[in-house]
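In the working numbering, the protein residues as written are 215 to 534. Quick reminder that beta carbons are idealized off the backbone N, C-alpha and C, glycines included.
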């Protein structure tokens, strides 16, 4: 876990330094090259410094161990950082779009920039795309929603700079309308990413379940443990980069409490070790009783009714 946070901290601190360099570079070039678009892009990069600091703060808080006020730990701080970052993306998309529409309505305000502004836009695109690829890879490797959101912020900056490049190039060639038109297209792309991250992070803050593939894997691992006759219920919830599992299993009613406890521990250990995102598994033991097979009771893989399971020629029904 410590190595995970070290990777996240390292990539975020590097991003902060790069964004500081880009903001100073683009603002200076924009002023010298007579390009309002590059100056605006420079201030956009300056806002990235603030968001990256927010991501770093979220990661640092998420690393803290559980305490009396946060019994389940602080992992949701990463999700909260992603949620805030999504709002920043939406704001940036709206601001870019409104600014571009204003220029479309008043083309006389578009100035002809110099070639140095074109060079600055190209440099920005290359740096931001490399930032995106490195950050999204690390984010996926360590399952950090905040880092992935920050990576998409880098990609939105690269797209913004593409719009700036088209606008600057078009203005140099006499097609000034290309600048605001490209800005509107970029703003729509930024808004799309912002709303996608907003939806994902909001769901996680509301304790959304793990995906169907992970849930199926939990069922398969649990039912494969010796002594487990049936899965009575399964509930999961995502908690930042980790997930919690509550599962009720059905065992032989004649089994001793000691043996049933061993089975529960076996289920806990196997689910935790075989699925990396699972932080904690709570297992509830239910006694089973034998009944004759009734219509609609199928094997566990196909059964929509979790209260029954056909095994060894017998059907076990949960007593509770």
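Sixteen is the threshold: since fewer than 16 other Cβ atoms of the shown chains lie within 10 Å of the Cβ of residue 420, the residue is exposed. Between the alpha carbons of residue 501 and residue 410 lies a gap of roughly 44 Å. In this structure, 414 is the residue among 469, 262, 414 and 484 with its C-alpha nearest to the C-alpha of residue 290.
The beta carbons of residue 449 and residue 460 sit closer together than 8 Å. Considering only 244, 236, 447 and 454, the residue with the shortest C-alpha distance to residue 329 is 244.
Proximity to residue 355 across 219, 496, 495 and 498 peaks at 219, based on C-alpha coordinates. For residue 230, same chain residues with a beta-carbon under 7 Å away, outside a window of 5 residues either side, are 263, 266 and 267 in chain order. As summarised for the segment 459-512, the continuous beta strand (DSSP E) elements at least 3 residues long and confined to that stretch are 492-505, given in chain order. Pairwise C-beta distances place the segment 375-388 out of contact with the segment 269-285, as fewer than three of them are shorter than 8 Å. Residues 341 and 345 of the same chain have their beta carbon placed closer than 8 Å to that of residue 232, with the five preceding and five following residues left out of the count. About 6 Å separates the beta carbons of residue 382 and residue 249, which is inside the 8 Å limit, making them a contact pair.
Distance from the Cα of residue 368 is smallest, within the candidate group 417, 349 and 281, for 349. Here the alpha carbons of residue 366 and residue 402 stand approximately 14 Å from one another. Under the three-state reduction of DSSP, residue 451 is assigned to strand. A residue is called buried when at least 16 other Cβ atoms come within 10 angstroms of its Cβ; residue 394 meets this threshold and is buried.
The closest CA to that of residue 333, considering only 375, 286, 425 and 310, is found on 375. If you look at residue 369, you'll find it in the alpha helix (DSSP H) that goes 359-386. Taking every protein chain shown into account, the CB of residue 482 has 16 or more other CB atoms within 10 angstroms, so this residue is buried. In the three-state reduction of the DSSP assignment, residue 338 falls in the helix class, which pools H, G and I. Looking at the DSSP output, residue 417 bridges to nothing. Here the alpha carbons of residue 217 and residue 397 stand approximately 40 Å from one another.
Looking only at 456, 490, 280 and 338, the smallest Cα-Cα distance to residue 237 is reached by 338.
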